[in-house]
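Presented below is the structure to which this report refers.
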Amino acid sequence: MSSPLRVVATEGAVDLLRRLSDRHGPLMMHQSGGCCDGSAPMCYPDGDFIVGDRDVLLGLLDLRLAVGETAPDLPSGKSAVPVWISGSQFEVWKHTQLVLDVVPGRGSGFSLETPEGLRFLSRGRAFTPEEHASFDDEQPLLGKNWDAGSRPGPAVEPLVVATASDACPVPGVVPPA
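Read left to right, the sequence shown gives residues 426 to 602 (our numbering).
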């Protein structure tokens, strides 16, 4: 069994990231661990947030993709949005797939979506025991390895879902047909 993706994004989140990248150039995301902005996913121009040596790359979002598509190669430039989390927070979230979504509201003061009337929101889906076990032999890609040129392989499953409930179903709720 191959390991599932540690991060996926909704179509709405990817649309907003495309608009922001058109305006600001290449982007990056960092899953905030708290403080003044709570635990919001934060969007920055690539390089404006210093990734620590022990920060963990959750995944590389590919803005070229539509819902359900996979890409044969890694995205680059404005199409590539690395999603990071601190090493200590990763230890708490390593059992969870992060689902990057967007909802109406005011973004945090530091994140690029603040003037858009939308904010990024992290949702989560706990990995099944089998999915979690599939990570046993994998070492996460750390900031120090990224700085040394390491990159993940291309995603083998779709990175973009139509809605958060497609990746993170609500128990007892039957999705519309």
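Quick reminder that beta carbons are idealized off the backbone N, C-alpha and C, glycines included. Since the model is a prediction, treat every value here as computed from it, not as a measurement.
In chain order, what residues of the same chain lie with their CB nearer than 7 angstroms to the CB of residue i, ignoring the 5 residues before and after it?
i    : result
S504 : D487, L488 and R489
L445 : L452, C468, L537 and E538
Report all residues from its chain with a CB closer than 8 angstroms to the CB of residue i; omit the five preceding and five following residues, and keep chain order.
i    : result
G578 : L499
A580 : L430, G484, L485, D487, T495 and A496
Taking the C-alpha atoms as reference points, what is the distance between residue i and residue j?
i    : j    : result
V506 : S427 : 22 angstroms
P540 : A558 : 41 angstroms
L430 : G437 : 19 angstroms
P497 : G530 : 35 angstroms
A589 : G502 : 26 angstroms
F474 : R550 : 26 angstroms
P470 : G450 : 7 angstroms
A465 : G512 : 16 angstroms
K519 : H455 : 15 angstroms
E556 : V517 : 16 angstroms
R576 : D561 : 19 angstroms
Q564 : N570 : 11 angstroms
E582 : L441 : 21 angstroms
V524 : V439 : 11 angstroms
Please list, in chain order, all residues of the same chain as residue i whose beta carbon is under 6 angstroms from its beta carbon, the five residues on each side excluded.
i    : result
R448 : none
V476 : W509 and G568
G546 : Going by the sequence as given, residue 546 is Leu instead of Gly. Contacts found: D526 and V528.
Am I right that residue i and residue j are in contact with their C-beta atoms under 8 angstroms? What's the rounded C-beta distance?
i    : j    : result
L567 : V432 : The pair is not a contact, with the Cβ atoms about 16 angstroms apart (cut-off 8 angstroms).
L543 : A434 : That belief does not hold up - the Cβ atoms of L543 and A434 are roughly 13 angstroms apart, past 8 angstroms.
If you measure between the beta carbons of residue i and residue j, is that distance less than 7 angstroms?
i    : j    : result
D526 : R548 : yes
V492 : A587 : yes
G458 : Q522 : no
Terminal residues of the continuous beta strand (DSSP E) containing residue i?
i    : result
V508 : A505 to I510
D487 : V481 to D487
D526 : T521 to P529
Got a sec, what are the start and stop residues for the alpha helix (DSSP H) residue i sits in?
i    : result
R548 : Where R548 is concerned, there is no enclosing alpha helix (DSSP H), although the beta strand (DSSP E) it sits in stretches over L543 to A551.
V439 : E436 to H449
P554 : P554 to A558
D473 : Unbroken run through D473: none, as it is neither H nor E.
G502 : Run containing G502: none; DSSP gives neither H nor E here.
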